[in-house]
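J.: In full-length UniProt numbering, the protein residues as written are 1 to 292. A virtual CB, placed ideally from N, CA and C, is assigned to each residue, including glycine. Before anything else, here's the structure in question.
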Amino acid sequence: MQKLALFRLHLIVFLWGFTAILGKLITANAHILVFYRMLFAAIFLYAFIRIYKKESIKVSKKLFFQLSGVGFFMALHWYCFFYSIKVSNVSIALSCLSLSTLFASVLEPIVFKRKVDISEVVMGTVIVACILLIFKTEFQYKEGIFYGVLCAIFGTVFSVFNGKLFGKTSSGNIIFYEIFSGWFILMIFYLATGQIMQMNEINYRDLALIGLLASVFTAYPMFESVKLMKYISPFTLILTVNLEPVYGIILAFFIFGESEHMSPIFYIASLVMILAIVVNALIKTRKQKNIN
Numbered sequence: 001m002q003k004l005a006l007f008r009l010h011l012i013v014f015l016w017g018f019t020a021i022l023g024k025l026i027t028a029n030a031h032i033l034v035f036y037r038m039l040f041a042a043i044f045l046y047a048f049i050r051i052y053k054k055e056s057i058k059v060s061k062k063l064f065f066q067l068s069g070v071g072f073f074m075a076l077h078w079y080c081f082f083y084s085i086k087v088s089n090v091s092i093a094l095s096c097l098s099l100s101t102l103f104a105s106v107l108e109p110i111v112f113k114r115k116v117d118i119s120e121v122v123m124g125t126v127i128v129a130c131i132l133l134i135f136k137t138e139f140q141y142k143e144g145i146f147y148g149v150l151c152a153i154f155g156t157v158f159s160v161f162n163g164k165l166f167g168k169t170s171s172g173n174i175i176f177y178e179i180f181s182g183w184f185i186l187m188i189f190y191l192a193t194g195q196i197m198q199m200n201e202i203n204y205r206d207l208a209l210i211g212l213l214a215s216v217f218t219a220y221p222m223f224e225s226v227k228l229m230k231y232i233s234p235f236t237l238i239l240t241v242n243l244e245p246v247y248g249i250i251l252a253f254f255i256f257g258e259s260e261h262m263s264p265i266f267y268i269a270s271l272v273m274i275l276a277i278v279v280n281a282l283i284k285t286r287k288q289k290n291i292n
């Protein structure tokens, strides 16, 4: 069962890594892509929870507004991620996600009221140095790097506050309301700004790809990752999830060819960032064992 769980874990991380590939294959603008991704994912999640599992989606009003706030940051995170891909490439967007480690080392202690972990800050500083090196050598992608950094910031806010809400209702309800609320907030914004008609500027090919993105590469991995927590340790989950940029960058290199070819310094800096994240996870695990 353990081997099967590890295989399923690597499968969902591979699927997450492939979201960036789909983001580049989809020709629609980032704001249209995110609008339909969240809409389709919310529909799939609702059908799974209410029709297939026949579970209640009822939550308190307070929790609903809390989940809606997190959903707003999820929408911003996805928008910046796909926009970064559109104006640069997959490799730049995925490498910038590594900055989440630094942002989490600052935000998590504030939210959970714990001491700042010096090792997290050190690892985060190493990652920032690598990003600055990438920025210097890949300056032509400065806009993509900027939105990649914003993506990491919003993703950190989303993840940290999501952890704060974990356990207050079922995992399915948390995911559903966050995605649905993110989509609803986007719809209200587009209605208010008169951009809602732009949502019609999409072809059937893109709709099909977004449907695939919302189901196989969004709803399914989210549910599967929660189920796998029964069989694997949090350390194994975190360590394996860190392979997402690796899978994505390798896939992009072979699928898109020349547009994804970066300088040697980029790959060295990306490798150092990934190693820093792995080392940080190992240090945390050792500390946890010493405490226990």
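#1: Since L213 contacts R37 with CB under 8 Å, what's their CB separation in whole angstroms?
#2: Roughly how many angstroms separate the alpha carbons of S98 and C80, rounded to a whole number?
#3: Rounded to the nearest angstrom, how far is the Cβ of A20 from that of A93, given a contact under 8 Å?
#4: When the Cα atoms are used, what is the spatial distance from V272 to T169?
#5: My output table needs one value for H10: the three-state DSSP class, helix, strand or coil.
#6: Got a sec, what are the start and stop residues for the alpha helix (DSSP H) A152 sits in?
#7: For T27, name the three-state secondary structure that DSSP assigns.
#8: In angstroms, rounded to a whole number, what distance separates the CA positions of L67 and L251?
#9: Do the CB positions of G155 and H261 come within less than 8 Å of each other?
#10: S91 and I277 - do their beta-carbons sit closer together than 8 Å?
#11: On the CB-based measure, 16 or more other CB atoms within 10 Å of its CB, does I12 come out buried or exposed?
#12: If you drop the 5 nearest sequence neighbours on each side, which residues of the same chain put their C-beta closer than 7 Å to that of A75?
#13: In this structure, how does DSSP classify V116 when only helix, strand and coil are distinguished?
#14: Under a three-way DSSP split, which group does K61 fall into?
#15: State buried or exposed for T193, treating a residue as buried only when at least 16 other CB atoms are found within 10 Å of its CB.
#16: What does the alpha-carbon distance come out to for the pair N162 and I265?
#17: My guess is that K24 and I85 are in contact by the Cβ rule of under 8 Å, so how many angstroms apart are they, rounded?
#18: Between the stretch 53-61 and the stretch 114-132, can you find at least three pairs of beta-carbon atoms closer than 8 Å?
#19: Whole angstroms are fine: how far does the CA of I174 sit from the CA of F65?
#20: Closest to G124 by CA distance: which of I110, S60 and A152 is it?
#21: Tell me whether L63, by its Cβ, gets closer than 7 Å to a heavy atom of the ligand MG.
#22: Under three-state DSSP, which class holds M74?
#23: Just the Cα atoms here: how many angstroms apart are R82 and E108?
#24: Tell me the rounded alpha-carbon separation between S119 and I274.
T.: Looking at the atomic coordinates:
#1: Sequence index remark: in the sequence shown, residue 213 carries index 213 (1-based). Sequence index remark: in the sequence shown, residue 37 carries index 37 (1-based). Contact between L213 and R37 holds: CB atoms are separated by about 6 Å, below the 8 Å threshold.
#2: Along the sequence shown, read from residue 1 onward, the residue named residue 98 stands at position 98. Along the sequence shown, read from residue 1 onward, the residue named residue 80 stands at position 80. C-alpha of S98 to C-alpha of C80: approximately 14 Å in a straight line.
#3: Here residue 20 is taken as the residue at index 20 of the sequence shown, counted from 1. Here residue 93 is taken as the residue at index 93 of the sequence shown, counted from 1. Contact between A20 and A93 holds: their C-beta atoms lie close to 6 Å from each other, under 8 Å.
#4: Counting from 1 along the sequence shown, the entry for residue 272 is found at position 272. Counting from 1 along the sequence shown, the entry for residue 169 is found at position 169. Pairing V272 with T169, the inter-Cα distance amounts to about 38 Å.
#5: The count along the sequence shown starts at 1 and reaches residue 10 at position 10. H10 falls in the helix class under three-state DSSP.
#6: Taking the first residue of the sequence shown as position 1, residue 152 is located at position 152. Residues K142 to L165.
#7: Stepping through the sequence shown from its first residue, residue 27 is reached at position 27. Shown here, T27 sits in coil according to DSSP, grouped into three states, outside any helix or strand.
#8: In the sequence shown, residue 67 corresponds to position 67, counting from 1. In the sequence shown, residue 251 corresponds to position 251, counting from 1. L67 and L251: Cα-Cα distance of roughly 33 Å.
#9: Reading the sequence shown from its first residue, position 155 is the one you call residue 155. Reading the sequence shown from its first residue, position 261 is the one you call residue 261. No, Cβ-Cβ distance for G155 and H261 is not below 8 Å.
#10: Within the sequence shown, the letter at position 277 stands for residue 277. Within the sequence shown, the letter at position 91 stands for residue 91. Taking the C-beta atoms as reference points, S91 is found no nearer than 8 Å to I277.
#11: Looking up residue 12 in the sequence shown gives position 12. The Cβ neighbour count for I12, taken over all protein chains shown within 10 Å, is at least 16; the residue is labelled buried.
#12: Walking along the sequence shown from the start, residue 75 turns up at place 75. V34, M38, G182, I185 and L186.
#13: Against the sequence shown, residue 116 aligns to sequence position 116. Coil at V116, not helix or strand.
#14: Translated into the one-based positions of the sequence shown, residue 61 becomes position 61. Residue state, collapsed to three classes: helix.
#15: Residue 193 sits at position 193 when you count from the first residue of the sequence shown. Label assigned to T193: exposed.
#16: Position 162 of the sequence shown, counted from the first residue, corresponds to residue 162. Position 265 of the sequence shown, counted from the first residue, corresponds to residue 265. Here the C-alpha atom of N162 lies approximately 35 Å from the C-alpha atom of I265.
#17: Within the sequence shown, numbered from 1, the residue matching residue 24 stands at position 24. Within the sequence shown, numbered from 1, the residue matching residue 85 stands at position 85. Indeed, because the Cβ distance is near 5 Å, the residues count as touching under 8 Å.
#18: Because the criterion of three Cβ pairs below 8 Å is not met, the stretch 114-132 and the stretch 53-61 do not touch.
#19: Taking the first residue of the sequence shown as 1, we reach residue 65 at position 65. Taking the first residue of the sequence shown as 1, we reach residue 174 at position 174. Going by the C-alpha atoms only, they are around 11 Å apart.
#20: As a first step, residue 124 is located in the sequence shown; it is residue number 124 there, counting from the start. Answer by Cα proximity: A152.
#21: The ligand MG is not part of this structure, which contains no ligands at all.
#22: In the sequence shown, counting from the first residue as 1, residue 74 sits at position 74. Secondary structure of M74 (DSSP, three-state): helix.
#23: In the sequence shown, residue 82 corresponds to position 82, counting from 1. In the sequence shown, residue 108 corresponds to position 108, counting from 1. It should be noted that the sequence gives Phe, not Arg, for residue 82. Roughly 25 Å separates the two Cα atoms.
#24: Residue 119 sits at position 119 when you count from the first residue of the sequence shown. Residue 274 sits at position 274 when you count from the first residue of the sequence shown. The straight-line gap from Cα to Cα measures roughly 15 Å.
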